[in-house]
Each structure stands twice: as structure tokens, then as C-alpha cells.
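Peer 1: In this note's numbering, the protein residues as written are 4 to 258.
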Ligand code: PGA
């Protein structure tokens, strides 16, 4: 069994409803006609677009829709929050958990991420758990400890069966939206560390089957080299996912 190769587009807080629909209507046929290899493309639009995009991609096995966040609670008096079950019922199959912007601007911790991952799995959503070190931590040479702490803090209490539902995304914070990309070697080093942690914590088979994505200024020019590394199974793409041509070129580079 081979690991699923994935290209995911994180739209963040961009694109109003009509603009989002028209972007997705460009992306789906472009990727369908130009990408010949096995690849799962996941779009992470703002919540309000999920149902429409899920309808647009219905029946196409190479596409899925995801949410950028979910609540740590099942339901109840949490004004403004969205439960994982609601997101699933709107047509999504994936959810990002612990994106660095959630950690940075909303104070999300590893233990909160654990709760979100649990709610997501209970609702039948597959979480993409995002981790990555800050610039200071990379400079200080402590990025390995940071990564392991983020893995321990959110994943150590999962069972191997639960872990098998996850996708991981390594996104060094200093590379997100900055135009600075980790070199393929820097990214590979961390991806290998993540995979060996999964093997130690769970088992080798789970580690071998977990797709690990790289994120942080991925673009059409640097994607091929990154995706060519042995433990990089795809990309989580922000800025370049907002342009159908760029995003399709990134998808084409992932095989
Ligand atoms: P970027 O964002 O590609 O714009 O750096 C990546 C992300 O935040 O997932």
C-alpha cells in the first residue's frame, strides 16, 4: 500500500461566496484534465463555502473539501463555534487542526488540539494536524524538541486506529506567507523525525501509511523538489492555492 499523495489548498479568510465558487469551478476541471497521477486534492475554503464546494465536487473521488477549524466541543452554548458533526453534515471530510494562525491569534494549545482531533474523528472527519517551529526556535536549534512536544501534546493519547485517520502537516512558522521556504533537506529532516515518532509511539505500519504534508510558501517553482523528498507526501498551500493555474502546477508536481 502506498501513502496517499495530497495537495491541499488553505484559502484562509479569503474569497467571498461567489469568488470562492468561481475559483473552485476553475480548479476542479483544470486539475481533472491536467493531473494524470493518483492525487487527492483537498480545498479548505471558509466555512460558508463548504456545502457549495462539496456539491460541486460530489462524486469526484480525487477531490475532497475540508474546514479550517472545528470546535473542541460536541454541541451546546458556544456562540460562533462550529461542531465537527456540523462540518461533516455540510459535506466536508477533512479539518485542519492547530494551524499556526490558530495557535498564534487564538491561543490554541496542543491539549486543545487533542480535543479537536477527538471531536473530528468522532464525527467522521479526518484531521490534518499542523505543527511547526517559530523562527527563534529554528535559530536556537531547538526545533526538534518543539516538534516532538507538539506531537506528544496532541497525539500521545490517541489509539493507533485513531492515529490512522490523521494527516500531518509540517509548517515552519517562519515559512508561512513569508516567501521563505524550508529547503527540501530541512523539510525532509523534520518529516523523517515525525514519521519516526509515529513509529515509536504507535507502530511502523501506521507511520508508513501516514501522509505528511509540507506547508510554508509552497509555489509552482519549489513544489517539485520538496515533493521529491522521501518523507514529503504533498503540500498544504496557502497563497498559491488562490490562483487556479499556480495551484494546478503544484498538483502536477506531486507524483
Ligand atoms: P502559505 O501558507 O503557502 O501562504 O505560506 C501555508 C499555510 O498557512 O498553510
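All C-beta atoms in this analysis are idealised placements derived from N, C-alpha and C, irrespective of residue type, glycine included.
#1: Quick check on the DSSP output: the alpha helix (DSSP H) that includes residue 87 runs from which residue to which?
#2: My output table needs one value for residue 156: the three-state DSSP class, helix, strand or coil.
#3: Once the 5 residues before and after residue 111 are set aside, which same chain residues still bring their CB inside 7 Å of it?
#4: Between residue 216 and the rest of its own chain, which residues show a CB-CB distance below 8 Å, the 5 nearest in sequence each way excluded?
#5: Using C-beta distances below 7 Å, list every residue in its chain close to residue 75, excluding the 5 sequence neighbours before and after it, in chain order.
#6: Less than 8 Å separating the beta-carbons of residue 57 and residue 87?
#7: Roughly how many angstroms separate the alpha carbons of residue 29 and residue 136, rounded to a whole number?
#8: Would you list, in sequence order, the uninterrupted beta strand (DSSP E) runs of no fewer than 3 residues that lie entirely inside the segment 49-73?
#9: I think residue 24 touches residue 67, with their Cβ atoms under 8 Å apart; what is that distance to the nearest whole Å?
#10: In this structure, does DSSP put residue 47 in helix, strand or coil?
#11: Would you mind working out which of 232, 182, 190, 16 sits nearest residue 260, comparing C-alpha positions?
#12: Provide the residue(s) that pair with residue 130 in DSSP beta bridges, ordered along the chain.
#13: Quick one: is the Cβ of residue 220 within less than 7 Å of any heavy atom of ligand 1?
#14: Rounded to the nearest angstrom, what separates residue 82 and residue 89 at their Cα positions?
#15: Sort 39, 21, 20 by Cα distance to residue 252 and report the nearest one.
#16: Just mark residue 77 as buried or exposed, buried being the case when its beta carbon has 16 or more other beta carbons within 10 Å.
#17: Does the segment 90-99 come close enough to the segment 138-153 that 3 or more CB-CB pairs lie under 8 Å?
#18: Output the distance between the C-alpha atoms of residue 70 and residue 45, rounded to the nearest integer angstrom.
#19: For a quick check, are the C-beta atoms of residue 224 and residue 257 less than 8 Å apart?
Peer 2: Inspection of the coordinates gives the following:
#1: Element bounds for residue 87: 87-92.
#2: If DSSP states are grouped into helix, strand and coil, residue 156 belongs with the helices.
#3: The residues are 101, 105.
#4: Same-chain partners within the cutoff: 9, 11, 131, 170, 171, 172, 173, 235, 236, 237, 238, 239.
#5: Counting only Cβ-Cβ distances below 7 Å, and skipping sequence neighbours, we find 115, 118, 119, 122.
#6: Contact flag unset, no.
#7: Taking the straight line from one Cα to the other gives about 34 Å.
#8: If one requires a minimum length of 3 residues, the beta strand (DSSP E) runs lying completely within the segment 49-73 are 66-70, in chain order.
#9: At roughly 17 Å, the Cβ-Cβ gap does not stay under 8 Å, so residue 24 and residue 67 are not in contact.
#10: Here residue 47 sits in strand by DSSP.
#11: What is shown of the chain runs 4 to 258, which leaves residue 260 out entirely.
#12: For residue 130, which the question treats as bridged, DSSP gives the partners 98.
#13: Within the chosen limit of 7 Å, ligand 1 reaches the beta carbon of residue 220 through at least one heavy atom.
#14: Those two C-alpha atoms are separated by around 14 Å.
#15: Considering only 39, 21, 20, the residue with the shortest C-alpha distance to residue 252 is 39.
#16: With a 10 Å radius around the Cβ and a threshold of 16 neighbouring Cβ atoms, residue 77 comes out exposed.
#17: They do not touch, by the three-pair rule.
#18: The alpha-carbon atoms of residue 70 and residue 45 are separated by roughly 10 Å.
#19: No, these two residues do not count as a Cβ contact at 8 Å.
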